[in-house]
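Worksheet: one structure, shown below.
Residue numbers (the numbering used here), protein chains in the order written: chain A, 15 to 371; chain B, 24 to 556.
Here it is as structure tokens:
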């Protein structure tokens, strides 16, 4: 190789590398722009929906019996007498600083409330996702690998029940059978009152906090209480994940490379798990991420039945009480969760699927 | 490494346990109650506007006097050990106890009493109406509510109101909860007189003190060791938020809680048959009713409103969806109030479609009409509304039910933006005036007047005759005569009044076998008198 060739090759490598970096930078900027526009849209949407809802935040503060003079004073105090655009600018500015104002229902800053209730939902949703994914994927693969056999039918029926049974009803039934009847699980609520003030909360996730504190008794109590609501939530997630897994797997199992692998004498196990499954793993990431996002949004009914002081219940109560600051704050958080998980699944796609680069 | 081993051991033990036994006993010195506590939003007595926090605050903050636990129509000393009334009946002088001390260590003085009452008027929340109704105002508060010395407080009245009524309506009410003025002045933000501080704290003296409130999770009260009165039996009262009635039922059946407070008719009926559970009820001074917009010519006709009263099978509802939750009542004055019509006379209506049709025809609506019926989210509301809807359809009235959040419902009612609406109204006074002063009186029906504290105004209903008669009855000195005046007002009000009153609501609780004494009446639960064992 001549010096000129080397120089050309180095220059061409540099150019390729710089093109790659340029492309990555453009991609990054595009993502930032997309996320920024989405967040701005979300902020605008939540603000204007909040103003359109036929709920009166002034009455929520003053009480139904307040005089008109007191009502008018509070309108001014809350800044509701200002033009809408002025209110929106103030809302934008505060939201960008994670200041969602004071909650009317708790009397505390909304951010503080969200930080208090979110770990309860995070813990419940995470246990549910571990169970749902751990069962849903193998079941889906099993159903696809045994298409139209009794195994497939059983998995489909299980999934169908998971889809169609009202979670509220399942929760109550679970309580009647496993709590009141068999005594296998703890009472509704996140922790026994006996332990309520014994546990030092470091992460807000009681399972972890009790382990960190080395309190087996508290861990057992918390585990006994979370296992039923998490299983019920997991059932719904499992139904969705197993159906999607089955569908993705069926598509892969009908591909020519599978027939080739079978013709080469690969075992059934190797064909399914070694050849077909890795090709659906990326798609499954999106399915699991979306399921997780839905659970993090707050399983309102499950949290209600199991007296679980989580995010979903907080948001619903805020809505019913016309606590608009809390409603808007929670809606934004839900939006952030979806955006973040979508971004993460995009990243996974790019990392694991070369076709998307 | 050692820590990790311990964590693994912990997980292994839990997994090995396989089953986690339910904890089924509450501590003997702690009362654990399940209740929907979503409505709590503040512990400021000037701002509290709903029943759950009202119950709590009356056990945390003593008022000038208290409602007698043995006779809800009477009052007993509290922060005021006794009181005297001037000859002209225009001044009440209260003498205060000497040994009451706030948690801050500040002694309770007459200055605190005056400041607390004046504060209610200055802040102007809904509760201020409790005082403005009897002539008090923010402008004259310093003259009318006076601390004579540390132990003497004077209340000057603008008219010679019945003293018993003032004691019940104001002195025993949460508006007269005595607050620690020094602490709250120190905690004030932007002249809010400590309102923000009291959102999550208490600064008063009572048998219990607020230890913790996590919205939508739990409220913890602890016995006040420095209480000037008798020490409460329970060291701690824990109110756990359990919104779902069936979950409350399971918890009380399993013994994981001592008391369940928000059960539905079905659950209560079943629990009543359980020998381990005691179902107890007390009538509240709260009436469930259907309001009509009298600004609409159809509902402005007395005969149309009267027809609606014949469209409900009250007894059937009382035995089913309203079992343990309400008793039929057509008079606005609840049973138990001074001057109330008795049970029979106070409920003369029954399902009578022919009568309803006849009244509608007389009013010119023989072919019926259609209207919206707004309802809230109380568990029994849908069933009651559907019952009314079905019967109304039989006489040609098409009611379109629209269910909405309670906040939205109140907003529509307050803004006169409704046709008909189902909701309830509660008074804190065991006296006919408590209800009649809001449901039969409307000083000014004009839109500009915005007298939203009067349901009669919200319903755009006005009667000079009723205004006069309620005032006349209030100032009648002869009690027998006064009672008769109130009874006659109720009889006429049932025929011509603005709304159709349907049920007097009951407060019902399911007590676990751990609870041996449960003390309550229409106005409060006496936590300090509750015993277990």
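Note that the Cβ used here is the ideal one computed from N, Cα and C, for glycine as well.
Rounded straight-line distance, which links the Cα of residue j to that of residue i
| i | j | result |
| --- | --- | --- |
| residue 4 of chain A | residue 249 of chain A | With chain A covering only 15 through 371, there is no way to say anything about residue 4 of chain A. |
| residue 341 of chain A | residue 82 of chain A | 26 Å |
| residue 284 of chain A | residue 257 of chain A | 22 Å |
| residue 196 of chain B | residue 418 of chain B | 44 Å |
| residue 358 of chain A | residue 327 of chain A | 27 Å |
| residue 182 of chain B | residue 112 of chain B | 8 Å |
| residue 397 of chain B | residue 362 of chain A | 50 Å |
| residue 247 of chain A | residue 237 of chain A | 15 Å |
| residue 94 of chain B | residue 546 of chain B | 11 Å |
| residue 128 of chain A | residue 399 of chain B | 27 Å |
| residue 309 of chain A | residue 139 of chain A | 5 Å |
| residue 128 of chain B | residue 214 of chain B | 24 Å |
| residue 359 of chain B | residue 429 of chain B | 28 Å |
| residue 126 of chain A | residue 552 of chain B | 36 Å |
| residue 44 of chain B | residue 198 of chain A | Unreliable positioning characterises residue 44 of chain B in this predicted model, as indicated by a pLDDT of 47, which lies under 50. A coordinate reading is not provided. |
| residue 600 of chain B | residue 163 of chain B | With chain B running from 24 to 556 in the structure shown, residue 600 of chain B is simply not present. |
| residue 145 of chain B | residue 212 of chain B | 15 Å |
| residue 420 of chain B | residue 376 of chain B | 12 Å |
| residue 159 of chain A | residue 319 of chain A | 37 Å |
| residue 363 of chain B | residue 92 of chain A | 43 Å |
| residue 512 of chain B | residue 311 of chain B | 19 Å |
| residue 289 of chain A | residue 192 of chain A | 41 Å |
| residue 331 of chain A | residue 59 of chain B | 11 Å |
| residue 221 of chain B | residue 143 of chain B | 13 Å |
| residue 339 of chain B | residue 134 of chain B | 54 Å |
| residue 234 of chain B | residue 278 of chain B | 24 Å |
Beta-carbon proximity list for residue i, same chain, < 8 Å, skipping 5 on both sides
| i | result |
| --- | --- |
| residue 116 of chain A | 122, 123, 124 and 339 |
Delimiting residues of the alpha helix (DSSP H) encompassing residue i
| i | result |
| --- | --- |
| residue 330 of chain A | 325-334 |
Any C-beta of chain A under 8 Å from that of residue i
| i | result |
| --- | --- |
| residue 44 of chain B | Reliability fails at residue 44 of chain B, whose pLDDT of 47 lies under 50, so the model's placement of it is uncertain and no value is given. |
| residue 456 of chain B | no |
| residue 74 of chain B | no |
| residue 178 of chain B | no |
| residue 58 of chain B | no |
| residue 36 of chain B | In this predicted model, residue 36 of chain B has a pLDDT of only 46, less than 50, meaning its place in the structure is not dependable; the value taken from the coordinates is given anyway. Closer than 8 Å to some Cβ of chain A, the Cβ of residue 36 of chain B qualifies, so yes. |
| residue 149 of chain B | yes |
| residue 434 of chain B | yes |
| residue 78 of chain B | no |
| residue 265 of chain B | yes |
| residue 279 of chain B | yes |
Residues of its chain near residue i, where Cβ-Cβ distance is below 6 Å and the 5 sequence neighbours each way are ignored
| i | result |
| --- | --- |
| residue 166 of chain B | none |
| residue 57 of chain B | 263, 265, 271, 274, 280 and 283 |
| residue 451 of chain B | 196 |
Start-to-end residues for the beta strand (DSSP E) that takes in residue i
| i | result |
| --- | --- |
| residue 504 of chain B | Segment 502-519 is the alpha helix (DSSP H) holding residue 504 of chain B; no beta strand (DSSP E) there. |
| residue 263 of chain B | 259-264 |
| residue 448 of chain B | 443-449 |
| residue 423 of chain B | 421-426 |
| residue 395 of chain B | 393-398 |
Short CB-CB distance (under 8 Å) between residue i and chain B
| i | result |
| --- | --- |
| residue 207 of chain A | yes |
| residue 8 of chain A | Residue numbering for chain A in the displayed model covers 15 to 371; residue 8 of chain A lies beyond these limits and cannot be assessed. |
| residue 122 of chain A | yes |
| residue 203 of chain A | yes |
| residue 327 of chain A | yes |
| residue 194 of chain A | yes |
| residue 101 of chain A | no |
| residue 216 of chain A | no |
Sequence-distant residues of the same chain with beta carbon closer than 7 Å to residue i, five excluded per side
| i | result |
| --- | --- |
| residue 292 of chain A | none |
| residue 126 of chain B | 232 |
| residue 344 of chain B | 288, 403, 406 and 407 |
| residue 502 of chain B | none |
| residue 249 of chain B | 124 |
Residue i beta carbon near the ligand COA (any heavy atom closer than 7 Å)
| i | result |
| --- | --- |
| residue 299 of chain B | Summarising the ligand content, the structure contains no ligands, and the ligand COA is consequently not present. |
Quiz item: Along the chain, which unbroken stretches of the beta strand (DSSP E) at least 3 residues long are found entirely within the region 179-252 of chain B?
Solution: 231-237 and 241-246
Quiz prompt | Whole alpha helix (DSSP H) elements within the region 305-359 of chain B, 4-residue minimum | solution = 320-323, 325-331 and 337-342
Self-check item: Completely contained alpha helix (DSSP H) runs for the region 253-285 of chain A, where each covers 4 or more residues
Solution: 270-277
Quiz item: Which runs of the alpha helix (DSSP H) fall wholly inside the region 47-87 of chain B and span at least 4 residues, in chain order?
Solution: 74-83
Quiz item: Unbroken alpha helix (DSSP H) runs of length 4 or more, entirely within the region 82-149 of chain B: which are they?
Solution: 133-146
Quiz prompt | Complete alpha helix (DSSP H) runs within the region 53-109 of chain A (minimum length 4 residues, chain order) | solution = 71-76 and 82-91
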